[in-house]
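Have a look at the structure below, then the notes.
There are 2 protein chains.
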Amino acid sequence: MGVPERKEREKMEMKELIKSAALKCFLEDGVAKTSIRNIADEIEYSPGTIYLYYKDKDELLYDVQSDAFGKLWQAFTENVTSNNTVERLQQLGKTYITFGLQNPELYDLMFIIRAPMNVDEEIHKANGGNCLDFLSECLAACIAEGSLIVTDLNAAVLQIWATAHGLVSLNLRCRLKVMQTKEEEVPDTLLATMENYIRSVTK
Amino acid sequence: MGVPERKEREKMEMKELIKSAALKCFLEDGVAKTSIRNIADEIEYSPGTIYLYYKDKDELLYDVQSDAFGKLWQAFTENVTSNNTVERLQQLGKTYITFGLQNPELYDLMFIIRAPMNVDEEIHKANGGNCLDFLSECLAACIAEGSLIVTDLNAAVLQIWATAHGLVSLNLRCRLKVMQTKEEEVPDTLLATMENYIRSVTK
DNA sequence: TGATTTTACTGAACACTGTTCAGTATATTT
DNA sequence: AAATATACTGAACAGTGTTCAGTAAAATCA
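Just so you know, the protein sequences line up as chains A and B, in that order. Position one of the first sequence corresponds to residue 1 (the UniProt record's numbering), numbered consecutively onward. Position one of the second sequence corresponds to residue 1 (the UniProt record's numbering), numbered consecutively onward.
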């Protein structure tokens, strides 16, 4: 009797359909301007249907966020390829910032907007855990071979993540306008600043 | 004929009334949950009235943001008192982070939410300019006496601001949950990380 | 002072938001 | 074939930012 199995599969497919429609809307119109009705229109279902698969908008956002972290992780694995630990760290920083600049809406969902964090308590490690581990391992290797000034792993993780996130998020939220950097120079400036920073804290 | 003058004054007073009601709502219920109707209720006027003084919500937010930057600047002048340049930088970092932790709603308005930046182009330097100058002068002094590793002023400003903002904003948006730091240890951790960072980039 | 114009304000209305739920139509089981 | 279970709808609710015709008070003019 394969009916319940098929139903289960169909349910998953429907969730995937909703999720991908949500992602499409986010990339086209921005997370902030995408409503449940927009997503429903996209897949030609009624708004109510979405609530049969996700208990609220936050849960849907959390699910899309999860995929977004998957993409960042993939970017890490593709670009952080060096055998030299400090060089790996540089590649990691460059990848993070480039990802943020090239995927502003995903970055918003992952690190800036409040919404997807209103999810049930204990599952907070699920999203982003892989990416954090990647950074953590990279830094642990640096510390192990003594090429990092800071020797506490958690402190190092926090510091480098904060710097990278600060650069990306200040830019995404237009706060760097106050510094009057030319628009087209911004990416290079951010990358150079990150590179510079990593050089400062390694030896 | 003092009538136009009085009218002008009354107009200013009304703007001030609206602004302070907005601030009150922001601090009590959060920026995100405060509507024009809430603010109108607070001052016992109709919603439409607010639009006689501010062309839209963004303009009001921008005005409140301006005051918030004033408060940060005041915090700088009160806490950054040392004569030693590097020590001043440490005081600045500590003040920034403490301000962010103690005034989360104001910090949101100043550095995170999109809204108040949708204001007419060229006046972007107005809000936050003073605070940026404060940091800029502090770092210029460090560079002048050769106590900073980085020698480019703009690069230094960007790096230290990004780090501080990264720490505060990741925390305000609950993204540090992934690191499983105990809630009560967060402020100390952030301050220690900032202090540590400044030590790394100075000599 | 009395009539007229200007100003300040109201609150209903518009188009939107997330979310719920009675009703319906289809698919599955008995 | 009848009964049940599932999937979906779309109107409705309470909220949002914003507009604007209508009103009442204040300032100006005669």
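Every residue, glycine too, gets a C-beta built ideally from N, C-alpha and C. Remember, it's a predicted structure, so these values are computed and weren't measured experimentally.
Within its chain, find whatever has a CB closer than 8 Å to the CB of Lys-11 of chain B; leave out the 5 residues flanking it on each side and keep chain order. For the purposes of this step, residue 11 of chain B is taken as the residue at position 11 of the second sequence. Counting only Cβ-Cβ distances below 8 Å, and skipping sequence neighbours, we find Tyr-53.
Residues in the same chain with beta-carbon distance under 8 Å from His-124 of chain A, minus the five sequence neighbours each way, listed in chain order, please. Position 124 of the first sequence, counted from the first residue, corresponds to residue 124 of chain A. Result list for His-124 of chain A: Met-117, in chain order.
Between the region 120–150 of chain B and chain A, which residues of the former have a C-beta closer than 7 Å to a C-beta of the latter? His-124, Lys-125, Gly-128, Gly-129, Leu-132, Ile-149, Val-150
For the alpha helix (DSSP H) containing Pro-187 of chain B, name the first residue and the last one. Residue numbering aside, residue 187 of chain B sits at position 187 when the second sequence is read from its first letter. Its alpha helix (DSSP H) spans residues 186–201.
Looking at C-alpha atoms only, which residue of B:Leu-27, B:Pro-47, B:Lys-182, B:Glu-183 is the closest neighbour of Asn-103 of chain B? The residue given as residue 103 of chain B occupies position 103 in the second sequence. Among B:Leu-27, B:Pro-47, B:Lys-182, B:Glu-183, the Cα nearest to that of Asn-103 of chain B belongs to B:Leu-27.
Do we get a CB-CB distance below 8 Å when we pair Trp-73 of chain B with the residues of chain A? For this step, residue 73 of chain B is matched to residue 73 along the second sequence. Chain A, which has no Cβ nearer than 8 Å to the Cβ of Trp-73 of chain B, makes this no.
Those residues which DSSP pairs with Leu-101 of chain A across a bridge: Position 101 of the first sequence holds residue 101 of chain A. Leu-101 of chain A pairs with nothing; no bridge assigned.
Taking only beta carbons into account, state which residues of the region 177–196 of chain A come closer than 9 Å to chain B, listed in chain order. Of all residues in the region 177–196 of chain A, Lys-177, Val-178, Met-179, Gln-180, Thr-181, Thr-189, Leu-190, Ala-192, Thr-193, Met-194, Asn-196 have a Cβ within less than 9 Å of some Cβ in chain B.
Are the region 81–101 of chain A and the region 163–177 of chain A touching by the rule of at least three beta carbon pairs closer than 8 Å? yes
At the 8 Å Cβ level, is Ile-111 of chain B part of the contact set with chain A, yes or no? Locating residue 111 of chain B in the second sequence gives position 111, where the first residue counts as 1. The residue you asked about is not Ile; residue 111 of chain B is Phe in the sequence shown. Output row for Phe-111 of chain B: interface = yes.
Close beta carbons around Ser-82 of chain B, own chain, < 7 Å, minus the five adjacent residues each side: Here residue 82 of chain B refers to the residue found at position 82 of the second sequence. A distance below 7 Å between beta-carbons, with the five flanking residues on each side excluded, links Ser-82 of chain B to the following residues of its chain, in chain order: Arg-88, Gln-91.
Is the CB of Val-86 of chain B under 8 Å away from at least one CB in chain A? As a first step, residue 86 of chain B must be located in the second sequence, where it is residue number 86. Cβ-Cβ to chain A under 8 Å: no for Val-86 of chain B.
Check: Glu-185 of chain B C-beta below 7 Å from any heavy atom of the ligand HEM: Only the bare structure without any ligand can be found here, which leaves the ligand HEM out of the picture.
Out of A:Asp-41, A:Glu-8, A:Pro-4, A:Glu-183, state which residue places its alpha-carbon closest to the alpha-carbon of Ala-22 of chain A. Position 22 of the first sequence holds residue 22 of chain A. Distances from the alpha-carbon of Ala-22 of chain A to those of A:Asp-41, A:Glu-8, A:Pro-4, A:Glu-183 put A:Asp-41 closest.
When you compare each of A:Ile-43, A:Met-110, A:Glu-59 to Arg-173 of chain B by their alpha carbons, which one comes out closest? By 1-based counting over the second sequence, the position of residue 173 of chain B is 173. The candidate whose alpha carbon is nearest that of Arg-173 of chain B is A:Met-110.
Are at least three pairs of beta-carbons, each pair with one atom in the region 145–161 of chain B and one in the region 194–201 of chain A, less than 8 Å apart? Yes, the region 145–161 of chain B touches the region 194–201 of chain A.
Chain B partners of Cys-174 of chain A, CB-CB under 7 Å? Position 174 of the first sequence, counted from the first residue, corresponds to residue 174 of chain A. Within 7 Å Cβ-Cβ: Met-117.
Measuring straight from C-alpha to C-alpha, what distance separates Leu-101 of chain A and Leu-158 of chain B? In the first sequence, counting from the first residue as 1, residue 101 of chain A sits at position 101. In the second sequence, counting from the first residue as 1, residue 158 of chain B sits at position 158. Taken atom to atom, the span from the alpha-carbon of Leu-101 of chain A to that of Leu-158 of chain B is near 16 Å.
Counting only runs that start and end within the region 73–101 of chain B, where is the beta strand (DSSP E) found for 3 or more residues in a row? Counting only runs of 3 or more, we get nothing.
At a Cβ threshold of 8 Å, is Ala-68 of chain B touching chain A? Mapped onto the second sequence, residue 68 of chain B falls at position 68. Not an interface residue.
Can you tell me whether Gly-70 of chain B is buried or exposed? The criterion is at least 16 other CB atoms within 10 Å of its CB, across all chains shown. On the second sequence, residue 70 of chain B is found 70 positions in, with the first residue counted as 1. Per the 10 Å Cβ criterion, exposed.
Return the first residue and the last residue of the alpha helix (DSSP H) that Val-150 of chain A is part of. One-based indexing of the first sequence puts residue 150 of chain A at position 150. Premise fails: Val-150 of chain A is in no alpha helix (DSSP H) and is neither H nor E.
Just the C-alpha distance for Ile-50 of chain B and Glu-8 of chain B, rounded to the nearest angstrom, thanks. Mapped onto the second sequence, residue 50 of chain B falls at position 50. Mapped onto the second sequence, residue 8 of chain B falls at position 8. Rounded to the nearest angstrom, the two C-alpha atoms are 16 Å apart.
Looking at Val-119 of chain A: is its Cβ nearer than 8 Å to the Cβ of Ser-200 of chain B? Here residue 119 of chain A refers to the residue found at position 119 of the first sequence. Here residue 200 of chain B refers to the residue found at position 200 of the second sequence. Cβ distance not < 8 Å, so Val-119 of chain A and Ser-200 of chain B don't count as in contact.
Range of the contiguous alpha helix (DSSP H) that encloses Leu-109 of chain B: Translated into the one-based positions of the second sequence, residue 109 of chain B becomes position 109. Here Leu-109 of chain B belongs to no alpha helix (DSSP H), and DSSP marks it neither H nor E.
Outcome for Asp-29 of chain B when other beta-carbon atoms lying within 10 angstroms are tallied against a minimum of 16: By 1-based counting over the second sequence, the position of residue 29 of chain B is 29. The residue in question, Asp-29 of chain B, is exposed, as its Cβ has fewer than 16 Cβ neighbours within 10 Å.
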